[in-house]
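Let me begin by presenting the structure, written as structure tokens, before commenting on it.
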Amino acid sequence: MQRTLSIIKPDAYGAGRIGAIIALLEKGGLRVRAARTLRLTAEQARAFYAVHSERPFFESLVAFMTSGPVMVTVLEGEDAIQRNRQIMGATDPAKAEEGTIRAQYGTNVQNNAVHGSDATDTALGEIAFFFCESDLV
Ligand code: CDP
Ligand code: MG
Numbered sequence: 001m002q003r004t005l006s007i008i009k010p011d012a013y014g015a016g017r018i019g020a021i022i023a024l025l026e027k028g029g030l031r032v033r034a035a036r037t038l039r040l041t042a043e044q045a046r047a048f049y050a051v052h053s054e055r056p057f058f059e060s061l062v063a064f065m066t067s068g069p070v071m072v073t074v075l076e077g078e079d080a081i082q083r084n085r086q087i088m089g090a091t092d093p094a095k096a097e098e099g100t101i102r103a104q105y106g107t108n109v110q111n112n113a114v115h116g117s118d119a120t121d122t123a124l125g126e127i128a129f130f131f132c133e134s135d136l137v
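In this note's numbering, the protein residues as written are 1 to 137.
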């Protein structure tokens with residue numbers, strides 16, 4: 001069993017897609033072990049995406065991620081990190097495989113509906129960014 005962090009981003013949250021997205025994740029074999037909704041501060045968004053701080057899209061990404069509420073969840077399942085990335089689809093919704101979350105609910109390479117951790121070390125850090133051990137059922 002493995003855990004990963006998922007974020008339903010402000011575009012999908014605002015469009016009322018929480019239920020549809022969680023349904024796809026559950027159908028794909030992942031289970032929600034913790035969940036909360038919040039509106040990220042700019043400081044939180046900058047810290048969460050610090051790895052991208054030198055990229056040209058960084059300030060725009062921070063503005064997008066703070067534009068409305070998000071839902072953060074810890075997902076658990078066999079090979080959860082890769083499984084979640086598969087269910088999400090490619091970063092650019094135009095390149096995402098049919099049936100993936102981003103193909104269905106993403107708008108463009110920035111407003112792409114969901115975040116998912118990309119490796120075991122980043123998953124641990126991203127889960128700890130939002131949750132403590134006692135939050136995990
Ligand atoms: O989210 P993912 O791991 O698929 O992609 P990333 O390369 O780690 O980028 C993080 C986030 O930055 C993306 O999900 C997009 O929201 C945003 N991004 C962007 O606005 N423009 C790009 N050219 C690439 C990414
Ligand atoms: Mg990434």
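Cβ atoms here follow ideal geometry from the backbone N, Cα and C, with glycine treated the same way.
- Pairwise C-alpha distance: residue 87 and residue 68: Within the sequence shown, residue 68 is the residue found at index 68, counting from 1. Within the sequence shown, residue 87 is the residue found at index 87, counting from 1. If you take the alpha carbons of residue 68 and residue 87, they lie about 23 Å apart.
- Message: In this structure, how does DSSP classify residue 26 when only helix, strand and coil are distinguished?
- Response: As a working mapping, residue 26 is identified with position 26 in the sequence shown. Note: residue 26 maps to helix in three-state DSSP.
- Message: Please identify the residue among 46, 70, 131 and 71 whose C-alpha is closest to the C-alpha of residue 60.
- Response: Indexing the sequence shown from 1 puts residue 60 at position 60. Cα-wise, what sits closest to residue 60 is 46.
- Message: Pairs of beta-carbons, one from the stretch 62-76 and one from the stretch 88-101, closer than 8 Å: are there three or more?
- Response: no
- Message: Give me the residue from 41, 62, 16 and 94 with the minimum Cα distance to residue 130.
- Response: On the sequence shown, position 130 is the one that residue 130 refers to. Closest by alpha carbon: 41.
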